[in-house]
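Enquirer:
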Amino acid sequence: MNFLKIFVRNLVNGPSTVSFPFGPAWTPARMRGRIEFKLPSCTGCRACEQVCAPGAIRFDKTPEGLRFMMWHNTCVFCGLCEFYCPTDAIHQSDDWHMAHAVDQKFSMAIRELIPYTNCSACGMKTLASAPNPVGINPPYTPEEIEQHRQLCPACRKKALAERGNPS
Amino acid sequence: MSLKPDNIEALLTATALGGVSFRQTTDAKGVCSAWCTLASSSDLLATVALLKTLGARLSTMTVFQPKASPPPPAPKEGEAPPQPLTFFGGVIQDGKSYEIAYHFDLDGDTLTLIVHVASGGQVDSLTPLYRAADWPEREAMELYALVVRAHPNPQRLFLDPSIDNAAFERLIPYSTLTNAGVSKGFWEKIMATTGPKS
Amino acid sequence: MSENFTIPVGPLHVALEEPMYFRIEVHGETVSKVTINAGHVHRGVEYLITKRNVFQNIVLTERICSLCSNSHPQAFAMAIEQIAGLKIPPRAEYLRTIADEIKRIASHLFNVGILAHLVGFESLFMHVMEVRERMQDVKECTFGNRMDIGANTIGGVRYDIDDERISFIRQQLSSIEKEIDELITIYSTDNSILRRTKGVGVLSQQDALDCGVVGPVARAAGIHYDVRIKAPYAAYDRLDVAVHTFQDGDVWSRAMVRLYEARTAIDIIRQSLDSLPAGPTVATDERPPIPAGEAIAKCEAPRGELIYYVRMADSPKPERVKWRVPSFLNWDALGIMLDRAKISDIAIIVNSIDPCISCTER
Amino acid sequence: MLQSTTIPLAVLLFPGGVFAVALGLMLKGMDRRLAARLQGRIGPPLAQPFYDLVKLARKRTMVPDIAAEPVFLGAPLIGAASMLLAAALVPIAGVYTPDPILGDLLVLLYLLAVPAVVLMVAGSASGSPFGAIGFSREMALMLAYEGPLVLVVATVALRVGSFSIADIIAYQQVHGAFLFDPMMWPALAAFLAFYPANLGIIPFDIPEAETEVLEGPLLEYSGPALGLFKVMSALKAVVVLGLGIALFWPSAPDSGALGILAHLAKLIVMMLLGVTVLRVSMGRMRIDQAFHFFLKWPLALSVLSLVIVACA
Amino acid sequence: MTLLQTLNEKAKQIAVRSPWIYRINAGSCNGCDVECATTALIPRYDVERLGCQYCGSPRHADIVLITGPLTARIKDDVLRVFAEVPDPKVTVAVGVCPISGGIFRESYAVHAPVDQYLPVDVNVPGCPPRPQAIIEGIAQAIAIWRERI
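As structure tokens, then:
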């Protein structure tokens, strides 16, 4: 009758039921929840698209620029996109409140556009994406990122060479 | 460290009369993996019987169709046309032949016994020797057009009746996904929906 | 009382966590014939895996089954690392061990809890699940998900633990340690459990060897085989791992093996935390190139030996990946265990092999 | 004493009818609540069985294609009606004595067998193999527990010298409750083993075991028909526990309101200690184990008690 | 008439406090199923205090939880069992597999999404969703159910 001990313990300690859904729910800081996308940091390298197993991330070239789309309803919350993103442009938040009525099914998505711009140095049409900081030391300052955003890949390379890159 | 017993290569060579190609590797933690390719698939039963006396446990079997070898350069005039590349044992690498690998466990170490069978060929069933071969062989038969000779219960294992036999032979060589249309439909609907950005 | 019936068990049966289908012919209350129909959870993962690159496949293999969701990507990553010649850093080896054992505790407790549920002992079931819930908290706090923990990546692990988290894990471990000790006493003395599990669903050692069963099912039948000892991986070669065997091969022995293993897992996690080396957690930050080659990797999933065979051609997508899950062999052995069982014991016997149908049918 | 004109009142309003249904649902609610507390949960509100009933009344009753429809739908009606009648046969000491026209202890015993029979009929009428297994289990279990029950009642009747419930109560009012009489303890013990089986609670809920035969006979029922079974089972708790009180523990104050309160208090104590704690602290037996258990203990105890009383 | 309406309204309010749950596994990896079981049966979440009860039979159910990507082999069984759930009922798709097929969508053996065969009312994305998210989904389902009962 070991079990009676447990009953007594349960009666003495009271129910262990949490107050949710009538009260707030505890969420751990590392909870892998809804994906968030930070357009200004995206370099358009498409690493996230390549590692996304369920095909929840999609890049399309459109006349206006590079379109980023992400559908929450097929995302498996694995976090590989965040793991392999070189600029932390894609990030997994701790938001898990995602239950929705079925008519919202297709609006559960992220749609962003990295627009085309004309290179501020040579005037060529180019994507206004963030520069890829991998292996660059010291890292780009926010001002430099804004500057590079307006450059085409060739002019970026030139600017980087002028900046000096010890690594 | 090496596979136990130490003379396993000699034993295998003595049993498989058609010839064997044997190699083994040991990882940093001392776990051994051995690969033994049989030249002739008719040596299979005798070899497996030998392994059984050594206390091997059949872990599973893998069937697949290795890719075809790249086409050889066109022969120069006067030369004989080049022989097509073959696997050890003479089966041609045409992308349709089967490579069948039987993975045995020898007290923690792994011995993989490989046979090659030409497209449309047959292979002996190991089920009479190892009960554990039953399901893998049935699975092999439904996923490939391979015939396992003398299998005691050659029925479907997992596939739904609505799916045709030899599913992998039909599906794997192509790069597209069978249900890719569903994904396409989804993205069209997502693009058509202008919901709140979230 | 002595009529003959044919009863369908499943595919959607409340006692079964997953869809499987048995056709059982019974004589009165006794089973006379069992026909196992498989394939309800066949999702064609072996096909999908050849259509995706190795990085996507880390996630795909994790979704083969959520109860062994750490073992699949771990074995897959080990095979890929062998092909690519990547050596994972020592810290990653220990972190892999920790993730593995945390999953093992949760999985074993779940199975043992379901056993109590099946014998109608709801209070015990709830108690076991409450204990398990503390392990779920560890998973959610450490990895960010309660089932698919996503600990592994090619070349190492994706998570790291700092001192604060280590002390949290230690604290949870000591709290469930007491509870598991108590559970071991309950399961070995409580009449409700004993009368339904002792001598039920027996698989003799000879049958176990013939069927090639693995994991707790084999160990409950007296077969001393554990991949962590026989073919060490991760950090198991540097840790003290106790293997528990029983001789009876019945449902009760299997439950006890699982409880003792959960207890041992606590020790293993503690040892790993004690000797956790500093250093990086992945061999390379970039996505490493994977050359052509083939490899076999084995690890001890909660249900037993899991073996992966990976063959890469010159492409980021594998040419062929084949894996054999522990339930695959154990499931076949059910035919022997269910022979002349009582109807009431069917669910209990099926549960005793901890059947992972989604693993088996892929 | 009550007049025969009050018989419809007794069946439909008090102590049967509305009163008994409400009482049964309340007891079930308390049972669920205490079980939850013992398991460390908050548990449902006390009125939950009542909510469930209202919900079931608003759902559709589906009749399986292969079921025999009149039998399938008739079974729950008969079951609930029989228990309604039985509830009017259970005395409340000092407050209510059933009219002999309605029946005596033997009629009550017959009525108590009706729910089990109804479940068997329902199980076989539903055409599901699980219903059929539930049928055979229900039958085996009934065979096992009816014998001890009859012997226990016979023991009490022999001691009192009458099968009339009124006499049994009157005897105990004078000589003291059998609960405190060591000579009657074997009979009491046999009764304590009987009622969990009759109420179908763990460890004897074998015919309806959810994880084995998916609730057996009730598997195919839905909506109002299922609701009737719930009513039947709630009433049965009132009847069986009430019978136990009448047989062993009828002592009560002689005035109306206090008598009812005492009866309620006893029912609640029996429900919580005898049903709730029992069902949450153990697992289910197998049918063969239960069968052997009944042949071994309750039967032996009830025979023993009969012998003791006969010799005394 | 007004009295009847009031009574009806009252009965509706009472009925909605007794949503019974039935889980259909349509070929899931069992992650969502384990989480459903956790949600439904363990003291920490205790959905019984919401009046929920886990049923063994589809005929007793009001809210159906579907998990898994609907494999070819299970499709007919799922549809049959779903039809056995008496009206009015509400369906909740738990996890991304029934909603979109998730990671298995493009396989030859999978018929996802589930909503092309059954009317789904609430989606709970997650892989698997945590128990709190499932409770949230059940709460939304109860709100829909209130309109139907």
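So the sequence lines, in the order shown, correspond to chains A, B, C, D and E.
Position 61 of the first sequence, counting from 1, maps to 61 under this note's numbering, and the rest follow consecutively.
Position 145 of the second sequence, counting from 1, maps to 1145 under this note's numbering, and the rest follow consecutively.
Position 33 of the third sequence, counting from 1, maps to 2033 under this note's numbering, and the rest follow consecutively.
Position 90 of the fourth sequence, counting from 1, maps to 3090 under this note's numbering, and the rest follow consecutively.
Position 126 of the fifth sequence, counting from 1, maps to 4126 under this note's numbering, and the rest follow consecutively.
Where is the CB? At the ideal position from N, CA and C, for every residue including glycine.
Expressed to the nearest angstrom, what Euclidean distance is found between the alpha-carbon atoms of N2145 (chain C) and R32 (chain A)?
Expert: By one-based count along the third sequence, residue 2145 (chain C) stands at place 145. By one-based count along the first sequence, residue 32 (chain A) stands at place 32. If you take the alpha carbons of N2145 (chain C) and R32 (chain A), they lie about 6 Å apart.
Enquirer: Could you give the DSSP three-state label for K2051 (chain C): helix, strand or coil?
Expert: The residue labelled residue 2051 (chain C) in the question sits at position 51 within the third sequence. Looking at K2051 (chain C) - three-state DSSP - the assignment turns out to be coil, as it is neither helix nor strand.
Enquirer: In chain C, which residues lie less than 7 Å from F1168 (chain B) when you measure between Cβ atoms?
Expert: In the second sequence, residue 1168 (chain B) corresponds to position 168, counting from 1. Simply Y2047.
Enquirer: Which bits of chain C does F83 (chain A) rub up against, with CB to CB less than 8 Å?
Expert: Numbered from its first residue, the first sequence carries residue 83 (chain A) at position 83. Within chain C, the residues near F83 (chain A) are T2153, R2158.
Enquirer: Is the region 2159-2169 of chain C in contact with the region 47-63 of chain A, if contact means three or more CB pairs nearer than 8 Å?
Expert: The region 2159-2169 of chain C is not in contact with the region 47-63 of chain A.
Enquirer: Between the Cα of I2268 (chain C) and those of C:V2128, C:A2234, C:G2222, C:A2283, spot the shortest distance and give me the residue it belongs to.
Expert: Numbered from its first residue, the third sequence carries residue 2268 (chain C) at position 268. When only C-alpha atoms are compared, the closest one is C:A2234.
Enquirer: My guess is that L3143 (chain D) and L3111 (chain D) are in contact by the Cβ rule of under 8 Å, so how many angstroms apart are they, rounded?
Expert: As a first step, residue 3143 (chain D) is located in the fourth sequence; it is residue number 143 there, counting from the start. As a first step, residue 3111 (chain D) is located in the fourth sequence; it is residue number 111 there, counting from the start. Contact flag wrong, Cβ pair sits at about 18 Å.
Enquirer: Whose C-alpha, out of C:K2139, C:A2242, C:V2217, is nearest the C-alpha of P28 (chain A)?
Expert: In the first sequence, residue 28 (chain A) corresponds to position 28, counting from 1. Comparing Cα-Cα distances from P28 (chain A) to each of C:K2139, C:A2242, C:V2217, the minimum goes to C:K2139.
Enquirer: What is the residue span of the beta strand (DSSP E) that I1114 (chain B) lies within?
Expert: Stepping through the second sequence from its first residue, residue 1114 (chain B) is reached at position 114. Residues 1109-1117.
Enquirer: Helix, strand or coil for E4106 (chain E) per DSSP?
Expert: Indexing the fifth sequence from 1 puts residue 4106 (chain E) at position 106. Coil, per DSSP.
Enquirer: Return helix, strand or coil for W71 (chain A), following the three-state DSSP convention.
Expert: Taking the first residue of the first sequence as position 1, residue 71 (chain A) is located at position 71. Of the three classes helix, strand and coil, the one that applies to W71 (chain A) here is strand, per DSSP.
Enquirer: Quick check on DSSP: helix, strand or coil for E2029 (chain C)?
Expert: The residue given as residue 2029 (chain C) occupies position 29 in the third sequence. E2029 (chain C): coil per DSSP, three-state reduction.
Enquirer: For I3206 (chain D), count neighbouring Cβ atoms within 10 angstroms of its own Cβ and tell me buried if that reaches 16, exposed if not.
Expert: Residue numbering aside, residue 3206 (chain D) sits at position 206 when the fourth sequence is read from its first letter. It counts as buried.
Enquirer: So A3057 (chain D) and G3227 (chain D) are in contact, right, with Cβ under 8 Å, and what is the actual spacing, rounded?
Expert: Taking the fourth sequence and counting its residues from 1, the one referred to as residue 3057 (chain D) is at position 57. Taking the fourth sequence and counting its residues from 1, the one referred to as residue 3227 (chain D) is at position 227. Yes, A3057 (chain D) and G3227 (chain D) are in contact; Cβ-Cβ is about 6 Å, under 8 Å.
Enquirer: Which two residues bound the contiguous beta strand (DSSP E) that contains K2298 (chain C)?
Expert: As a position in the third sequence, residue 2298 (chain C) is number 298, starting the count at 1. First-last of the beta strand (DSSP E) with K2298 (chain C): 2293-2301.
Enquirer: Which residue marks the beginning of the beta strand (DSSP E) containing H2042 (chain C), and which one marks its end?
Expert: What you label residue 2042 (chain C) is simply residue 42 of the third sequence in a count that begins at 1. Looking at the DSSP string, H2042 (chain C) is not in any beta strand (DSSP E), and its letter there is neither H nor E.
Enquirer: Any beta-carbon of chain E closer than 7 Å to the one on W1187 (chain B)?
Expert: Translated into the one-based positions of the second sequence, residue 1187 (chain B) becomes position 187. Not an interface residue.
Enquirer: If I measure Cβ to Cβ from V3011 (chain D) and keep anything under 7 Å in the same chain, skipping five residues before and after, which residues do I get?
Expert: On the fourth sequence, residue 3011 (chain D) is found 11 positions in, with the first residue counted as 1. So the qualifying residues of the chain are G3017, L3084, L3085, A3088.
Enquirer: With DSSP run on the structure shown, which of helix, strand or coil describes E1079 (chain B)?
Expert: Position 79 of the second sequence holds residue 1079 (chain B). Note: E1079 (chain B) maps to coil in three-state DSSP.
Enquirer: Closer than 8 Å by beta-carbon distance: list the chain A residues that pair up with R3037 (chain D), in chain order.
Expert: The count along the fourth sequence starts at 1 and reaches residue 3037 (chain D) at position 37. In chain order: N10, L11, P15.
Enquirer: Which residue or residues does DSSP assign as beta-bridge partners of C2312 (chain C)?
Expert: Position 312 of the third sequence holds residue 2312 (chain C). It should be pointed out that residue 2312 (chain C) corresponds to Met in this sequence rather than to Cys. Looking at the DSSP assignment, M2312 (chain C) forms a beta bridge with C:G2293, C:P2318.
Enquirer: Helix, strand or coil for C1032 (chain B) per DSSP?
Expert: On the second sequence, position 32 is the one that residue 1032 (chain B) refers to. Strand.
Enquirer: Would you identify the three-state DSSP class for E64 (chain A), choosing helix, strand or coil?
Expert: Reading the first sequence from its first residue, position 64 is the one you call residue 64 (chain A). The answer is coil: DSSP assigns E64 (chain A) none of H, G, I, E or B.
Enquirer: Can you tell me the Cβ-Cβ gap for H1103 (chain B) and T1060 (chain B), rounded? I've got them flagged as a contact below 8 Å.
Expert: Here the question's residue 1103 (chain B) lines up with position 103 in the second sequence. Here the question's residue 1060 (chain B) lines up with position 60 in the second sequence. With a Cβ gap of about 5 Å, H1103 (chain B) and T1060 (chain B) count as contacting.
Enquirer: Using alpha carbons as the reference points, say which of C:I2223, C:I2007, C:G2039, C:I2348 lies closest to W1135 (chain B).
Expert: Here residue 1135 (chain B) refers to the residue found at position 135 of the second sequence. Of the candidates C:I2223, C:I2007, C:G2039, C:I2348, the one whose C-alpha sits nearest the C-alpha of W1135 (chain B) is C:G2039.
Enquirer: Between which two residues does the beta strand (DSSP E) carrying W4020 (chain E) extend?
Expert: Taking the first residue of the fifth sequence as 1, we reach residue 4020 (chain E) at position 20. Unbroken beta strand (DSSP E) run through W4020 (chain E): 4020-4025.
Enquirer: So that I know if they touch, is there some Cβ in chain D lying closer than 7 Å to that of F2121 (chain C)?
Expert: Against the third sequence, residue 2121 (chain C) aligns to sequence position 121. It does; some Cβ of chain D falls within 7 Å.
Enquirer: State the CB to CB distance for the pair P4043 (chain E) and M2312 (chain C), rounded to an integer number of angstroms; the pair is presumed to be in contact (CB under 8 Å).
Expert: On the fifth sequence, position 43 is the one that residue 4043 (chain E) refers to. On the third sequence, position 312 is the one that residue 2312 (chain C) refers to. In fact, because the Cβ distance is near 48 Å, the residues do not count as touching under 8 Å.
Enquirer: Let's see if you can read the secondary structure: which residues bound the alpha helix (DSSP H) around L2338 (chain C)?
Expert: Residue 2338 (chain C) sits at position 338 when you count from the first residue of the third sequence. It spans 2326-2338 - the alpha helix (DSSP H) in which L2338 (chain C) sits, taken as one unbroken run.
Enquirer: Alpha carbon to alpha carbon, how far is A2092 (chain C) from M2020 (chain C)? Give it in angstroms, no decimals.
Expert: In the third sequence, counting from the first residue as 1, residue 2020 (chain C) sits at position 20. In the third sequence, counting from the first residue as 1, residue 2092 (chain C) sits at position 92. Straight-line Cα distance between these residues: approximately 37 Å.
Enquirer: Can you confirm whether the region 2120-2136 of chain C touches the region 2177-2188 of chain C when touching is taken to mean that 3 or more C-beta pairs between the two stretches lie within less than 8 Å?
Expert: The region 2177-2188 of chain C is in contact with the region 2120-2136 of chain C.
Enquirer: Let's test the definition: count the other Cβ atoms within 10 Å of the Cβ of K157 (chain A) and tell me whether it reaches 16, buried, or not, exposed.
Expert: Here the question's residue 157 (chain A) lines up with position 157 in the first sequence. Exposed.
Enquirer: Can you name the residues of chain B whose CB is closer than 8 Å to the CB of E4106 (chain E)?
Expert: Start at 1 with the first residue of the fifth sequence, and residue 4106 (chain E) comes out as number 106. In chain order: L1177, T1178, N1179, A1180, V1182, S1183.
Enquirer: Quick check: is the beta carbon of R58 (chain A) nearer than 7 Å to any beta carbon in chain C?
Expert: As a first step, residue 58 (chain A) must be located in the first sequence, where it is residue number 58. No, R58 (chain A) lies away from the interface with chain C (no Cβ there is under 7 Å from its Cβ).
Enquirer: By Cβ distance, which residues of its chain are closer than 7 Å to H2117 (chain C), with the 5 residues on each side in sequence left out?
Expert: Reading the third sequence from its first residue, position 117 is the one you call residue 2117 (chain C). Cβ neighbours of H2117 (chain C) beyond the five flanking positions: F2125.
Enquirer: Using only the alpha-carbon positions, how far apart do R111 (chain A) and F1022 (chain B) sit?
Expert: On the first sequence, residue 111 (chain A) is found 111 positions in, with the first residue counted as 1. On the second sequence, residue 1022 (chain B) is found 22 positions in, with the first residue counted as 1. If you take the alpha carbons of R111 (chain A) and F1022 (chain B), they lie about 55 Å apart.
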